[in-house]
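Numbering (my numbering), first residue to last: 84 to 846.
Just so it is clear, CB atoms sit at the ideal spot from N, CA and C, and this is done for glycine as well.
For reference, the structure is listed below as structure tokens.
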Ligand code: ZN
Ligand code: ZN
Ligand code: FE
């Protein structure tokens, strides 16, 4: 061909196992190009030959029209000598070190969904339909490369029809590793509590399951990363029975609704929330519920103004939800703090006392993962939990660093592995103090290392010597360990995902983390970067009367703060937290407050929220972590007055102490003056925002730094995050928040990994 050129194009990112090569194949044919495409350890490499215009179009369309599960990091083009070939072909994969990304589990795509409900299609109503653009990935991988023999699909030999699709480059199921059909693939089964296949009166297991749900029964449904427990969300007895059997009094249940229109019947949705609900990651999105009459049973989210909702993401979900359900409760299949059940036999044992029946199948889940949970904040996602649908997507770091394994903290545990300039966060694992969860954590670390082929050169852990993650790190043998202060890790995590590398102010509002001085920190103002930090401000400390009991019983924190603010007469006042102490016990409790017996000190922001929640009479005892603060935010959303309460700032050298005693005094007066609790809660949020900005101004005056990152568990509170962002922006600060990982301890490992990686570079 005259004037022909040849280009070698390298595409990196998540481009393998997502239908990228057939996509390139079709594109090349369309553009009349010859050459080849192949998978290599570093991504996809294309050599294409043809007119210069067609080559330019190829590069543009590669990025613009990439398959839905692909995430492109970069496209690099270089011109090479013309060869002259006959056609365009897909070459076998090269071998070598695997640097290409692995795709997360994806929602069923529109093409497959159409076939699922097309009576003429051979996969009509087949619950395991998938293609190169959709279906399970991470959860079925047993090893690498991502190829059928290294997935749990290995036990299903393909039938001739599936084999033909799998081998045909122009078919949309070309090399779709989980390809299956009713002839050759996994099968659905309905089992009773004892694990025996149930008589479904000639109907398919699916119809049997629908009948059970309709009659108010509890159904365990096998999903992508584990089992859900499902009940009809409009049936009060069924929801109450699920709470009773799950031993879960108040923690909200997640919902799954058939489509957006159904969600709009019980929740107020913004455009952005709708986009996230419908996105391929299919997270649970926290949305505001209608105050009006709605069909959903109140017990789904007791005392809470929000629903956690998701849309169906597997073909099975679609088949179930289209049976005229307004919504199903779909809560993780576990007992309290245990990890989500995912192996069939183990699930039947563990969920036996809860589920009446199991809608199961024989495609094994190899990696467990819970649903991801997000809220929408300033047009983007605010992660409360980053898990299924996002993991194991990489996060791009500013610079290449030695490979690090970071093990996080103890609650909401995740781990992070780095390779070059990429960080890979694991799925959410849970609270490590639960033995089964701890085992799941060690499994997760091992599996992620295997499929990412990373051998860590450094292990990073929290400064707290007693965290189970710290002990786990210490037992990892001959690898250098780096201990990272908890709030420094939070700060670095937010800096890393925002690509910041110069001096930054860290506003870290959190529940608990061990400080450098041995006390419990949590309301912190730091300045520095990855290499180090200085604590330049913090909340005035309060005692935790009774130690850990003060975390479970917010009334104790309220009395601790009241005692600081008002002194000994506090127990004579008629305030909600005071009523929690029997008159006969008051002298003893006062003595504990005065002498600080069994009362460690903390600057925690989370505990301040607890104190205020108790003080306004909202919540004296909690049944799940963060409950008082979550409810205080929901209450504040309904409040109108928002002028701040008074607060104080004391400067000692270059450390500022934010003093909330005046705030607590004023709130105490408001409560006794019968001011509506919602208004008090709102004013408290504004106070915190204004006070934070005031401290940051002092730090800026002293340092000249005007870049601020916000991190820590308290920033799951959207009202607080918005308030702090607004007040800081008004004063000319550049404010950065989390968008890729959670602000809570679920995002901590990223910060640990970057701090440890850089420390090593500098050594
Ligand atoms: Zn599909
Ligand atoms: Zn088949
Ligand atoms: Fe934390």
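- Within the same chain, and ignoring the five residues on either side of residue 239 in sequence, the residues whose Cβ sits closer than 7 angstroms to its Cβ are 263, 267, 268 and 269.
- The three-state reading of DSSP puts residue 675 in helix, counting H, G and I together.
- Chain-ordered, the residues whose CB falls short of 5 angstroms from any heavy atom of ligand 2 come out as 242, 245, 264, 266 and 267.
- Burial check for residue 417: the Cβ neighbour count within 10 Å reaches 16 or more, so the residue is buried.
- In the three-state scheme derived from DSSP, where H, G and I count as helix and E and B as strand, residue 373 is classed as coil.
- At least one heavy atom of ligand 1 sits closer than 6 angstroms to the Cβ of residue 192.
- Counting other Cβ atoms within 10 Å of its Cβ, residue 731 stays below 16 and is therefore classed as exposed.
- Contact between residue 641 and residue 660 holds: CB atoms are separated by about 4 angstroms, below the 8 angstroms threshold.
- Distance between residue 490 and residue 512, taken at the CA atoms: about 11 angstroms.
- Just so you know, the alpha carbons of residue 725 and residue 576 end up roughly 31 angstroms apart.
- Cα atoms of residue 583 and residue 357: separation of roughly 31 angstroms, rounded to the nearest angstrom.
- Rounded to the nearest angstrom, the gap between the Cα atoms of residue 807 and residue 800 is 11 angstroms.
- Straight-line spacing of the CA atoms in residue 97 and residue 454 works out to 21 angstroms.
- DSSP places residue 740 in the uninterrupted beta strand (DSSP E) bounded by 738-742.
- 803 is the residue among 787, 744, 316 and 803 whose C-alpha sits nearest the C-alpha of residue 765.
- Rounded to whole angstroms, the gap between the alpha carbons of residue 99 and residue 468 is 26 angstroms.
- According to DSSP, residue pairing for residue 274 in a beta bridge involves 280 and 441.
- Sequence-distant partners of residue 330 (beyond 5 residues in either direction) whose C-beta falls short of 8 angstroms from its own C-beta, in its chain, are 418 and 419.
- Going by DSSP, residue 477 is part of the beta strand (DSSP E) stretching over 477-484.
- Each residue's CA atom was taken as its position, placing residue 272 and residue 210 some 11 angstroms apart.
- Pairwise C-beta distances place the segment 329-348 out of contact with the segment 467-484, as fewer than three of them are shorter than 8 angstroms.
- Distance between residue 197 and residue 362, taken at the CA atoms: about 17 angstroms.
- Within a 10 Å sphere around the beta-carbon of residue 430 sit 16 or more other beta-carbons, which makes this residue buried.
- Per DSSP, residue 587 is not a residue of any alpha helix (DSSP H); the beta strand (DSSP E) it occupies stretches across 587-597.
- When rounded, the separation of the alpha-carbon atoms in residue 387 and residue 369 is 11 angstroms.
- Your pair residue 762 and residue 722 checks out as a contact, with CB atoms roughly 4 angstroms apart and the cut at 8 angstroms.
- If you look at residue 735, you'll find it in the beta strand (DSSP E) that goes 731-735.
- Here the distance from the Cβ of residue 796 to the nearest heavy atom of ligand 3 is below 6 angstroms.
- It is roughly 10 angstroms from the alpha-carbon of residue 599 to the alpha-carbon of residue 567.
- Taking the Cβ atoms as the reference, residue 185 lies roughly 18 angstroms from residue 539, outside the contact range of under 8 angstroms.
- If you ignore the 5 residues before and after residue 597, its C-beta comes within less than 8 angstroms of the C-beta of 545, 546, 547, 568, 569, 603 and 604, all in its own chain and listed in chain order.
- At a Cβ-Cβ threshold of 7 angstroms, residue 217 and residue 189 count as neighbours.
- Shortest gap from the CB of residue 216 to any heavy atom of ligand 1: under 6 angstroms.
- For residue 593, the CB falls within less than 6 angstroms of some heavy atom of ligand 3.
- Taking a contact as a CB-CB distance under 8 angstroms, the pair residue 592 and residue 688 counts as one, their CB atoms being some 4 angstroms apart.
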